[in-house]
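*Asks:* Got a structure for you, questions after.
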Amino acid sequence: MAGHMVSGGRSRILGALLAVAVAAGVPRGTAAQSLKPDEVLSSIGVRMIAPPDPVRGADGRIHLAYELIAGNTTSLFIRLDRVEAVDRQGRVLGALAGDALAAMVTMHGGSGATIAPGGSAIVFMDTSFAAGTPLPAEIAARITITRQLVGPDGKPAPFPATQPLPATVRFTAPFVAVGTKPAVVIDPPLHGARWIVANGCCDTLTSHRGAVMAVNGVQRTPERFAIDLLQLRPDGRLYTGDRNRLESYPYFGVPVYAVADGTVVNLYDKAVEQVPGRPATGITPENIGGDMLVIDIGGGNFAFFAHLKPGSLRVRLGDRVTRGQVIASLGNTGNTDAPHLHFHVMDGTSPLDANGKPYVFRQFAGRGILDDDSAEGMFVAGKPGVIKPGVMAGPHRDELPLNGEVVDFGQ
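Encoded structure:
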């Protein structure tokens with residue numbers, strides 16, 4: 001009888017352990033002890049959406065911008081404590097933790113840096129190197145997580161030490177090869193002074209960096225290196241008068257130029273102008289980019305020009321264009337609330353079904369960085385924008401303008 005009771009008690013204990021193990025992601029019939037020394041029961045799956053390609057930014061550093069998708073298939077809360085970029089030798093190349101990590105995460109089920117049961121998160125990484133530093137051949141994410149139970153109130157609760165799994169673990173996700181192909185060198189798509197590089201790369205989670213989308217079941221990051229270009233007046237204002245009138249923006253309708261020789265492979269020319277200062281209306285997947293052009297510039301690179309002025313496209317499908325040729329005018333069509341040119345380079349003809357590729361402008365001059373505190377007043381109230389001088393100021397060659405930079409393009 002005693003033996004029977006011990007057996008029954010042991011069965012209940014083993015059953016409880018199995019339930020916890022399954023909740024944490026252990027397959028039935030598997031014990032955590034069977035893991036090899038280099039294997040960690042991570043509770044989340046992590047993968048990189050697309051391998052990183054290097055680009056030299058206007059700060060003089062070489063940037064690797066990439067995205068990590070973390071999926072939580074357990075019934076636990078999983079808190080991301082630290083995400084490190086490491087090479088094969090285990091050297092830490094960059095890291096995110098605390099508030100800095102939370103600021104570079106989009107959460108799909110959860111909050112901050114904590115993934116809810118069944119939820120997922122995307123971590124946006126920017127690992128940068130001083131110019132001349134040899135880049136790693138491969139890179140991986142080394143992640144520290146803390147498991148938490150679902151409390152009676154549905155919120156995260158401490159993971160008891162009595163559980164068969166440790167609360168906090170560190171693991172390394174699969175290594176991915178770093179691209180070796182240089183970024184394509186192109187001309188700027190606009191001419192003139194005081195262009196704001198809005199929503200640019202790389203260390204801030206902007207609307208472009210956060211634009212992860214799935215087409216035919218494949219997740220893409222087409223806008224990884226995208227920029228929005230808006231022009232300041234000599235007095236620092238974006239517009240004068242009524243912000244809801246296109247005529248208030250002096251740069252509305254300026255010429256847009258081909259950035260390289262190429263062939264027009266995609267276009268849309270049926271959009272209507274939006275009212276600036278108001279949310280865009282009538283947006284569909286077909287017209288989200290407004291009137292737009294895609295030009296094959298060779299080497300697997302496709303230049304995308306969006307939000308163009310209705311009736312301004314000067315080319316048609318199949319046309320050959322030459323570097324510096326006027327191809328359209330800057331407009332306010334599609335998903336936009338102020339006149340601007342959206343520009344990026346990608347690896348396919350579709351603005352959505354493609355991944356963004358790095359590019360650098362042959363030459364431009366930096367004036368500094370737009371002060372964040374002045375940006376809202378500039379957009380909403382027509383106040384002058386304040387440029388912080390000295391930061392990335394001066395001439396640039398074969399570099400990518402970075403987020404918030406104010407630049408001058410030639411001619």
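Position one of the sequence shown corresponds to residue 1 (full-length UniProt numbering), numbered consecutively onward.
Quick reminder that beta carbons are idealized off the backbone N, C-alpha and C, glycines included.
Looking only at DSSP bridge pairs, what is GLN231 linked to?
*Replies:* Answer by DSSP bridge pairing, in chain order: TRP195.
*Asks:* Name the residue from ALA193, ASP291, ALA85, ASP87 whose alpha carbon lies nearest to the alpha carbon of GLN411.
*Replies:* ALA193
*Asks:* Could you pull out every unbroken beta strand (DSSP E) segment of at least 3 residues lying fully inside the region 211-260, listed in chain order?
*Replies:* 213-215, 218-220, 227-231, 255-257
*Asks:* To the nearest angstrom, report how far apart LEU402 and ILE288 are at their CA atoms.
*Replies:* 24 Å
*Asks:* How many Å lie between ARG47 and LEU190 at the Cα?
*Replies:* 37 Å
*Asks:* Let's see if you can read the secondary structure: which residues bound the beta strand (DSSP E) around GLY366?
*Replies:* 359-370
*Asks:* How far does the beta strand (DSSP E) with GLY298 in it reach, from first residue to last?
*Replies:* Start and end: 291-298.
*Asks:* Could you check the C-alpha separation between residue 412 and PHE77 for me, to the nearest Å?
*Replies:* Absent from the structure is residue 412, since the part of the chain shown begins at 1 and ends at 411.
*Asks:* Secondary structure at MET392, three-state DSSP: helix, strand or coil?
*Replies:* coil
*Asks:* Answer with yes or no whether the minimum CB distance from CYS202 to chain C is below 8 Å.
*Replies:* No chain C is part of this structure, which consists of one protein chain only.
*Asks:* Can the beta-carbon of PHE171 be found closer than 8 Å to that of SER42?
*Replies:* yes
*Asks:* Grab the span of the beta strand (DSSP E) containing ALA306 for me, first residue to last.
*Replies:* 301-308
*Asks:* Specify the secondary structure class of residue 440 as computed by DSSP and reduced to three states.
*Replies:* Summary: the structure shown does not reach residue 440, with the chain confined to residues 1 through 411, and so no result is reported for it.
*Asks:* Out of THR281, GLY45, VAL321, ASP87, which has the shortest C-alpha to C-alpha gap to VAL176?
*Replies:* Check the Cα spacing between VAL176 and each of THR281, GLY45, VAL321, ASP87: the tightest is with ASP87.
*Asks:* For MET107 and LEU400, I'd like the C-alpha separation in whole angstroms.
*Replies:* Their backbone Cα atoms lie some 28 Å apart in a straight line.
*Asks:* Using a Cβ-Cβ cutoff of less than 6 Å, which residues in the same chain neighbour residue 482 once the five nearest sequence positions on both sides are dropped?
*Replies:* The chain is shown only over 1 to 411; residue 482 falls outside these bounds and no answer can be derived.
*Asks:* Spatial neighbours of GLY290 within its chain, please: C-beta separation below 7 Å, excluding the five flanking residues on both sides.
*Replies:* ALA271, ALA306, HIS307, LEU308, GLY331, THR333, GLY334, THR336
*Asks:* Please classify LYS357 as buried or exposed, where buried requires at least 16 neighbouring CB atoms within 10 angstroms.
*Replies:* buried
*Asks:* Pick out whichever of ASP187, ASP371, GLY236, ASN301 has its Cα sitting closest to the Cα of GLN325.
*Replies:* Minimum Cα distance to GLN325 is reached at ASP187.
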